[in-house]
Amino acid sequence: MNNTVTFIATGDSFITRRLPAGDKNFRGIAKIITKADFRLTNLEVTIHNKEAAPAAESGGTWAMAQPRVLKDLKRYGFNIISWANNHALDYLYEGLEHTKNNLEKHGFTHAGAGLNLSEAEEPKYLATKNGRIALIAVCSTFHSFNVAGEQRRDMKGRPGINPLRHDQIYLLPKDKINALSEIADLLGINNFYHYAVKQGRVDPLPDDMTHFGPQFLFKAGDKQGSITRPDPVDLDRILERIAEAKRLADYVVISFHGHEMKDNAPMIAADFIEIFARTCVDGGADAIIGHGPHVVRGIEIYKGKPIFYSLGNFIFQNETPSHLPQDFYENYGLGHYDTVADALDARSRNGAIGLASMPSVYESVLPFWKMTDGLLDELILYPLELGYHLPRYNRGWPKLSYNQDILQGLKDLSESYGTEITIENGIGRVKI
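Read in order, the letters of the sequence shown are residues 1 to 432 in UniProt numbering.
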């Protein structure tokens with residue numbers, strides 16, 4: 001292993017426009033990015049020229065951009081892409097395949113989605129002058145049709161993303177569990193479950209547990225709340241890939257895309273995400289790069305390895321897609337003669353609700369770190385802002401920020417993990 005390898009990573013690049021010519025903000029950020037050996041961003045749009053049909057459901061906005069936007073990601077200096085996320089199949093399998101082909105045409109190493117599960121989950125390797133680095137990309141937020149399927153000798157696999165499923169159990173006192181069961185029986189909410197038990201297709205639940213419809217599982221407990229755990233099959237599968245990559249690279253990086261939060265706090269990751277991240281480090285991963293909730297979450301240094309629970313947005317232009325399918329218009333009571341601008345105004349009520357109304361969505365950080373002999377040696381944090389106050393057609397590009405509240409917020413979020421961040425001269429430094 002080389003003595004020192006440098007890394008930089010961002011959160012989501014939801015890019016739908018070309019970088020303006022002569023943009024001054026771009027230069028300062030590109031200068032920082034190109035200092036690193038490993039330079040990662042998460043691509044949260046499909047890349048094609050409308051060749052693919054839209055899915056019936058999307059990750060929110062049907063995310064699509066022309067292939068030429070990849071030139072701008074190259075200009076920023078990125079050399080590796082993760083794309084296991086909830087938008088990868090917004091335009092179904094054909095959209096995924098076009099995205100894959102366009103990433104390869106532009107020379108990007110990429111991980112997290114593919115034509116079958118083996119391809120989606122496999123580590124991808126980036127050779128740099130200071131070492132070989134593996135990337136494994138994983139997603140926990142998805143529609144069921146987004147999940148890649150394994151190929152068999154007698155059956156093709158299914159295109160999709162590398163999934164991490166999870167289990168969620170809600171805790172209630174026993175008397176409330178009994179009341180919930182009575183309500184379910186009265187309304188017939190669990191009839192399908194009872195029929196499946198009668199047929200022997202599923203085992204009955206213990207007395208201290210009950211379903212409430214197909215999605216909710218309750219268990220008696222002393223406290224009220226919920227617990228989440230990573231799916232053991234997916235977790236073991238990912239750990240096997242980490243073990244493989246560890247034998248073929250100097251460092252292993254995990255990109256993780258997940259929206260799930262703790263209770264009602266979007267800036268705090270769900271329990272299963274924390275369990276997953278630490279288990280990956282225990283299994284040999286050297287860094288965990290989180291994104292997905294469109295806000296920044298805290299940083300943990302676990303066994304000398306950085307865990308970024310969310311880096312927020314790097315580029316966020318979900319208000320300027322060139323086209324949207326009819327499904328999007330119908331969601332807001334609009335018709336064939338309404339425009340993209342009409343649909344976006346309807347969604348946000350002219351900027352009054354949703355992501356467009358949240359300043360925190362347009363604030364993030366850019367981390368640069370060094371690892372020496374497998375352990376974190378230095379971690380610097382550059383605050384970014386994406387132009388919340390600008391018109392929708394201008395905002396969404398990052399620029400280095402002088403707003404110290406961004407770093408202070410990250411410092412506060414990281415304290416619960418025992419991470420100390422000092423702020424000097426406009427940048428943050430993590431105490432190692």
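Even for Gly, the Cβ is constructed at its ideal location relative to N, Cα and C.
Smallest Cα separation from residue i: which of the options?
i      : options                           : result
Thr46  : Phe38, Ser82 and Asp271           : Ser82
Lys156 : Leu117, Pro306 and Leu375         : Leu117
Ile238 : Val281, Tyr402, Lys431 and Gln317 : Val281
Asp12  : Met358, Ser414, Lys431 and Gly290 : Gly290
Phe308 : Lys411, Thr422, Phe142 and Ala134 : Lys411
Val138 : Leu164, Asp222 and His110         : Leu164
Glu57  : Asn86, Lys31 and Asn42            : Asn86
Lys176 : Glu420, Ser144 and Gly221         : Gly221
Val430 : Arg241, Tyr382, His48 and Gln199  : Tyr382
Arg201 : Gln326, Asp208 and Tyr193         : Tyr193
Ala245 : Ser140, Ile133, Arg152 and Pro173 : Ile133
Gln66  : Ala184, Ile301, Ala287 and Leu103 : Leu103
Thr210 : Ala63, Ala179, Pro232 and Asp338  : Ala179
Ile288 : Arg17, Asp263 and Val253          : Val253
Pro306 : Tyr393, Thr372 and Ser181         : Thr372
Ser401 : Ile15, Gly28 and Thr10            : Gly28
Gly107 : Asp72, Leu92, Asp236 and Ala88    : Asp72
Gly428 : Gly283, Leu311 and Leu379         : Leu379
Asp286 : Met261, Gly374, Thr279 and Pro321 : Gly374
Gly304 : Gly284, Pro321 and Leu89          : Gly284
Arg278 : Gly426, Gly213, Asn264 and Glu300 : Glu300
Asn403 : Gly59, Arg17 and Gly426           : Gly426
Cutting at 8 angstroms between CB atoms, please list the residues of its own chain near residue i, excluding the five before and the five after it.
i           : result
residue 471 : Because the chain here runs from 1 to 432, residue 471 falls outside it and cannot be looked at.
Thr109      : Asn79, Ile80, Ile81, Lys124, Tyr125, Leu126 and Leu135
Ala30       : Arg75, Tyr76 and Gly77
Ile406      : Val296, Glu363, Ser364, Val365, Pro383, Leu384 and Glu385
Asp208      : Lys174, Ile177, Lys219 and Ala220
Arg241      : Glu121, Glu122, Pro123 and Ile136
Can you list, in chain order, the residues of its chain with a C-beta nearer than 6 angstroms to that of residue i? Leave out the 5 residues immediately preceding and following it.
i           : result
residue 483 : Residue 483 lies beyond the stretch modelled for the chain, which goes from 1 to 432, so this question has no answer here.
Thr128      : Asp37
Glu94       : Ala52
Thr228      : His166, Gln168, Ala270, Asp271 and Phe272
Gly225      : Leu171
Gly409      : none
Would you grab the beta carbon distance between residue i and residue j for me? Rounded to a whole angstrom, and I think it's under 8 angstroms.
i      : j      : result
Gly114 : Lys100 : 7 angstroms
Leu376 : Ile423 : Actually they are not in contact, since the Cβ atoms of Leu376 and Ile423 sit about 19 angstroms apart, beyond 8 angstroms.
Gly292 : Thr141 : 6 angstroms
Leu96  : Pro159 : 5 angstroms
Tyr91  : His48  : 7 angstroms
Ile161 : Ala84  : 4 angstroms
Thr339 : Tyr393 : About 13 angstroms separates the two Cβ atoms, so there is no contact after all.
Suppose the cutoff is 7 angstroms on Cβ atoms and the five residues either side in sequence are ignored; what does the same chain contact list for residue i look like?
i      : result
Val361 : His294, Val295, Asn313, Phe316 and Leu355
Tyr388 : Pro359, Tyr362 and Arg395
Arg347 : Tyr332 and Gly354
Gln215 : none
Ser416 : Gly298
Asp234 : Pro163, Leu164 and Arg165
Buried or exposed: which applies to residue i, given that a residue is buried once 16 or more other Cβ atoms fall within 10 Å of its Cβ?
i      : result
Pro230 : buried
Ala120 : buried
Gly418 : exposed
Phe256 : buried
Glu150 : exposed
Ser414 : buried
Leu390 : exposed
Thr41  : buried
Leu384 : buried
Glu274 : buried
Val147 : buried
Arg349 : exposed
Asn318 : buried
Pro398 : buried
Glu44  : buried
What runs of the alpha helix (DSSP H), each 4 residues or longer, lie entirely inside the region 309-355?
326-331 and 340-348
Start-end ranges of the beta strand (DSSP E) lying completely within the region 359-401, minimum 3 residues
363-372 and 375-385
Which parts of the region 1-48 are runs of the alpha helix (DSSP H), unbroken and 4 residues or longer, counting only runs that do not cross its ends?
24-33
Please specify which runs of the alpha helix (DSSP H), each continuous and at least 4 residues long, are wholly inside the region 93-159, giving them in chain order.
117-121
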